[in-house]
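In terms of my numbering, the sequence shown opens at residue 404 and continues consecutively.
All residues carry an ideal CB built from backbone N, CA and C; glycine is no exception.
This report refers to the structure that appears directly beneath it.
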Amino acid sequence: MITLRLTVPTTTAPRLIRLVKPLTTFGSSTDNDVVVSDPQVRPSHAYFSRTDREVTVVAVDGEVLVAGKRKSKARLSLGERISLGGCTVELTVETATPSALAREAGDSDVLQAVRKLHRFSERLLNHYEPEELWTALVDAVVEITQADNGFLVLSEPGLPPRIKLGRAKGQQAVSEPDAKLSDSIVAKVLRTEQPVIVSDACKDSEFQNAQSVMYLRLSSVMCVPLRERGQLLGALYVGSSDVQRLFRSADLEVLTVIAAQAGLLLRNARLLTELRHDNQRLGVELEQMRSVAIASVGIGLGASPIMQEVMRTVGKVAQSDVSVLITGETGTGKELVAQEIHRRSPRAKGPFVAINCGAIPEQLLESELFGHVRGAFTGAVANKPGRIQAAQGGTLFLDEIGEMPMPLQVKLLRVLQERVILRVGDSKPEPVDVRVLTATHRDLSAEIRAGRFREDLYYRLNVVQVELPPLRDRGDDVLLLARSFLRRFAEELRLPQRGLSPAAELAIRRFGWPGNVRQLENHIKKALVMADRELLEPEDLGLVAQQPAEVLPLAEAKERYARKYVLDTLALCGGNRTRAAQLLGVDPRTVFRFLEREDPTKPE
């Protein structure tokens, strides 16, 4: 018998493959006749064509080497060796004994059954909705068992069994399924919870007189219980009227295994469905929380005139895909503004992916942004998409864009210009559809002059600029934010609600807040945790108490201000009273009179 001697690098002993079919396929996919698990073997690598006179190897999707030369097709001679991927194949002739042939036939049946189960599992794993899973399950059962019809019967406590669905060959629905299966066979399986096979229903002593068997003229029937975590769900039923294809015990074993596997897959599908629903619910809650957060920086974002102008700009730029550069000091809420632009944009249902260019080492940032292919560098054991691809159809937010190294600025410019990316180690560009928002606390114009930032990239990113003012320039927003944070953090930390004393409000209002909103959050949170009183004082917030300003009569306040202003102008003129009077637009004697008056702030 013509035989192939296959040597795989990962195994020690060669493998003998008898060419019993006219066409024998070779590859790593389980659909092949010869399945080889080797990284150099392609899924559909090649096939061997056998006739009475010769054996020919034909390359399909892999490399075939004959005497070290690449061939697309080659005729093999006895004793000749070829290379398929990393494997060596030699054509030989062996004399097979009858017992060996029988064992080979048995192995082939087992292999075919395993392949069928593998395809069944793959098919069912692609269906997560229970209704789709039921249909795929019965279709697979009909195909594997070569039955005419297949049925899924569901059983619920206290209710009669009901046929969920019926499927025929060719993935067709069965009309009037109630009339096309044996009620007596199904009833026995549900009662005993044991599988039943009737190889020849017309000759079976138990069921031959059953009305359903006689009416349907069934030749062969199998029915097995369907369980999930030990609970009986129903039964899988297949029937055939073909006298040439009677079910055997081996078929019942396969159907029993399928039913057990289907129970596990059904459980996973239900869990995934529950997780999907939970995820949708949490998404709604997260959106509500985000709206609260936006509103808090929102009173934060919109109470003062300067922030109302910012929000008007956000509303305008959100509707288009223009690039937006968000500037401002650290802690002013630049990422919140980016999220608000995304939330108001047509891309709101897509992902929002944020990455801090200054928080990732330079040597890793390229792979993190653009992804890499297997073998691109040490440790790249698999293909990995980057953050840009993860934002497909949505928004990419690059925080601290001023920290991006110059070589990556060139690649980012290409993304903005050509809408393609090139993964590390790859040579094939891939299209992307993302909107890019950026933020920085640096002066990018100064960075351009210093040669640390590309001018062409700057103009690509800065189509529209949104500048966030520091908290100290936002007037009473700081108090509104403080009160909002008090409420929100008290709920999050499950602490009693607290308020601010007049002294605390004055201290908050007069403090410079160099860390802006983020610093204010930290002070409020610390005060909530550490303080015991209902009204927080400046010391609870870690601030120095501010003394209230002295309230003077208006005339006296004007007098003090005028005298200070005249003296400051005189100092600016080097004591020259005539020059100071000219600048002030008054008579020099007026300047002299202010000099003669006693300083009202001087203590007696």
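Next on the checklist: Can you tell me whether residue 654 is buried or exposed? The criterion is at least 16 other CB atoms within 10 Å of its CB, across all chains shown.
Outcome noted: On the sequence shown, position 251 is the one that residue 654 refers to. Classification of residue 654: buried, given that the 10 Å Cβ count is 16 or more.
Checklist entry - Since residue 463 and residue 448 are thought to touch, with beta carbons under 8 Å apart, how far apart are those beta carbons, to the nearest angstrom? => result In the sequence shown, residue 463 corresponds to position 60, counting from 1. In the sequence shown, residue 448 corresponds to position 45, counting from 1. Residue 463 to residue 448, Cβ: 6 Å. Contact.
Checklist entry - Among residues of its own chain, excluding the 5 on either side of residue 754, which ones have a beta-carbon nearer than 6 Å to its beta-carbon? => result As a first step, residue 754 is located in the sequence shown; it is residue number 351 there, counting from the start. Closer than 6 Å at the Cβ level, and outside the excluded window around residue 754, lie 794, 797.
Item to check | beta strand (DSSP E) runs wholly inside the region 856-884, at least 3 long, in chain order | outcome: 867-870
Next on the checklist: I need the straight-line Cα distance from residue 554 to residue 567, nearest angstrom please.
Outcome noted: Within the sequence shown, numbered from 1, the residue matching residue 554 stands at position 151. Within the sequence shown, numbered from 1, the residue matching residue 567 stands at position 164. Looking at the two C-alpha atoms, the distance is approximately 8 Å.
Checklist entry - What first and last residue would you give for the beta strand (DSSP E) that runs through residue 802? => result One-based indexing of the sequence shown puts residue 802 at position 399. Residues 798-802.
Next on the checklist: Does residue 900 come out as helix, strand or coil in the three-state DSSP assignment?
Outcome noted: Walking along the sequence shown from the start, residue 900 turns up at place 497. The answer is coil: DSSP assigns residue 900 none of H, G, I, E or B.
Checklist entry - Going along the chain, which residues of its own chain have a beta-carbon closer than 6 Å to the beta-carbon of residue 765, five neighbours each way excluded? => result To locate residue 765, count along the sequence shown from 1; it is residue 362. Excluding residues within five positions, the ones whose Cβ falls inside 6 Å are 808.
Checklist entry - Less than 9 Å separating the beta-carbons of residue 725 and residue 870? => result Working through the sequence shown from its first residue, we reach residue 725 at position 322. Working through the sequence shown from its first residue, we reach residue 870 at position 467. Contact flag unset, no.
Checklist entry - Looking at the unbroken alpha helix (DSSP H) that takes in residue 625, where does it start and where does it end? => result Start at 1 with the first residue of the sequence shown, and residue 625 comes out as number 222. Premise fails: residue 625 lies in the beta strand (DSSP E), 623-631, not in any alpha helix (DSSP H).
Checklist entry - Which runs of the alpha helix (DSSP H), 4 residues or longer, sit entirely within the region 532-584? => result 533-548
Checklist entry - For residue 995, which residues of its own chain have a beta-carbon under 8 Å away from its beta-carbon, when the five flanking residues on both sides are left out? => result Locating residue 995 in the sequence shown gives position 592, counting from the first residue. Here the set comprises 980.
Item to check | Boundaries of the beta strand (DSSP E) in which residue 406 is found, first to last residue | outcome: Translated into positions along the sequence shown, residue 406 becomes position 3. Residue 406 -> beta strand (DSSP E) spans 405-410.
Checklist entry - How should residue 576 be labelled, buried or exposed, when 16 other C-beta atoms within 10 angstroms of its C-beta is the threshold for buried? => result For the purposes of this step, residue 576 is taken as the residue at position 173 of the sequence shown. Per the 10 Å Cβ criterion, exposed.
Next on the checklist: Looking at the secondary structure, which residues open and close the alpha helix (DSSP H) in which residue 1010 lies?
Outcome noted: The displayed coordinates of the chain run from 404 to 1007. Any statement about residue 1010 would go beyond what the structure contains.
Item to check | Nearest neighbour of residue 413, chosen from 478, 960, 475, 491 [CA to CA] | outcome: Here residue 413 is taken as the residue at index 10 of the sequence shown, counted from 1. Measuring from the Cα of residue 413, the nearest candidate turns out to be 491.
Checklist entry - In chain order, what residues of the same chain lie with their CB nearer than 6 Å to the CB of residue 373, ignoring the 5 residues before and after it? => result Lying outside 404 to 1007, the shown extent of the chain, residue 373 is not represented and no answer is given.
Item to check | Sub-9 Å separation of residue 552 and residue 584 beta-carbons | outcome: Taking the sequence shown and counting its residues from 1, one reaches residue 552 at position 149. Taking the sequence shown and counting its residues from 1, one reaches residue 584 at position 181. Against a cut-off of 9 Å, the Cβ pair of residue 584 and residue 552 comes out as a contact.
Checklist entry - Is the beta carbon of residue 476 less than 9 Å from the beta carbon of residue 496? => result Numbered from its first residue, the sequence shown carries residue 476 at position 73. Numbered from its first residue, the sequence shown carries residue 496 at position 93. Taking 9 Å as the Cβ cut-off, residue 476 and residue 496 do not qualify as a contacting pair.
Checklist entry - Hey, out of 663, 581, 716, whose CA is closest to residue 563's CA? => result Stepping through the sequence shown from its first residue, residue 563 is reached at position 160. Nearest C-alpha to residue 563: 581.
Item to check | Whole-Å CB distance - residue 494 paired with residue 479, under 8 Å assumed | outcome: In the sequence shown, residue 494 corresponds to position 91, counting from 1. In the sequence shown, residue 479 corresponds to position 76, counting from 1. Contact flag correct, Cβ pair sits at about 5 Å.
Checklist entry - What do you reckon, are the CB atoms on residue 569 and residue 601 nearer than 9 Å? => result Here residue 569 refers to the residue found at position 166 when the sequence shown is read from its first residue. Here residue 601 refers to the residue found at position 198 when the sequence shown is read from its first residue. Against a cut-off of 9 Å, the Cβ pair of residue 601 and residue 569 comes out as no contact.
Checklist entry - From residue 393 to residue 894, what distance separates their C-alpha atoms? => result Outside the shown range of the chain, which is 404 to 1007, sits residue 393, and nothing can be said about it.
Checklist entry - With distances taken between CB atoms, is the gap from residue 774 to residue 826 smaller than 9 Å? => result Numbered from 1 along the sequence shown, position 371 holds the residue referred to as residue 774. Numbered from 1 along the sequence shown, position 423 holds the residue referred to as residue 826. Closer than 9 Å, so yes.
Checklist entry - Just curious, the alpha helix (DSSP H) that residue 995 is in, first and last residue? => result Within the sequence shown, residue 995 is the residue found at index 592, counting from 1. Element bounds for residue 995: 991-999.
Checklist entry - Closest by CA to residue 861, which one among 882, 876, 839? => result Indexing the sequence shown from 1 puts residue 861 at position 458. Taking only the C-alpha atoms, the option nearest residue 861 is 839.
Checklist entry - Counting Cβ pairs closer than 8 Å, one from the region 911-919 and one from the region 721-738, do we hit at least three? => result yes
Item to check | Beta-carbon proximity list for residue 502, same chain, < 7 Å, skipping 5 on both sides | outcome: Taking the sequence shown and counting its residues from 1, the one referred to as residue 502 is at position 99. Here residue 502 scores only 46 on pLDDT, less than 50, and its place in the model should not be relied on; the value that follows carries that caveat. Excluding positions up to five away in sequence, the list is empty.
Next on the checklist: For the alpha helix (DSSP H) containing residue 849, name the first residue and the last one.
Outcome noted: Residue numbering aside, residue 849 sits at position 446 when the sequence shown is read from its first letter. Element bounds for residue 849: 847-852.
Checklist entry - Hey, would you say residue 842 sits closer than 9 Å to residue 801, going by beta carbons? => result As a first step, residue 842 must be located in the sequence shown, where it is residue number 439. As a first step, residue 801 must be located in the sequence shown, where it is residue number 398. In contact: residue 842 and residue 801 (Cβ atoms closer than 9 Å).
Item to check | Length at least 3, wholly inside the region 746-813: the beta strand (DSSP E) runs in chain order | outcome: 755-759, 798-802
Item to check | Residue from 864, 430, 422, 815 with nearest C-alpha to residue 453 | outcome: Taking the sequence shown and counting its residues from 1, one reaches residue 453 at position 50. Checked all of 864, 430, 422, 815; the closest Cα to residue 453 is 422.
Next on the checklist: In the DSSP assignment, the beta strand (DSSP E) including residue 493 goes from what residue to what residue?
Outcome noted: In the sequence shown, the residue the question calls residue 493 occupies position 90. Element bounds for residue 493: 490-496.
Next on the checklist: For residue 846, tell me which candidate among 886, 898, 728 has the shortest Cα-Cα distance.
Outcome noted: Position 443 of the sequence shown, counting from 1, holds the residue named residue 846. Here the closest residue by C-alpha is 728.
Checklist entry - By DSSP, does residue 914 sit in helix, in strand, or in coil? => result Translated into positions along the sequence shown, residue 914 becomes position 511. Residue 914 falls in the coil class under three-state DSSP.
Item to check | Run of the beta strand (DSSP E) containing residue 474, from where it starts to where it stops | outcome: As a first step, residue 474 must be located in the sequence shown, where it is residue number 71. 472-474 is the span of the beta strand (DSSP E), which, as asked, contains residue 474.
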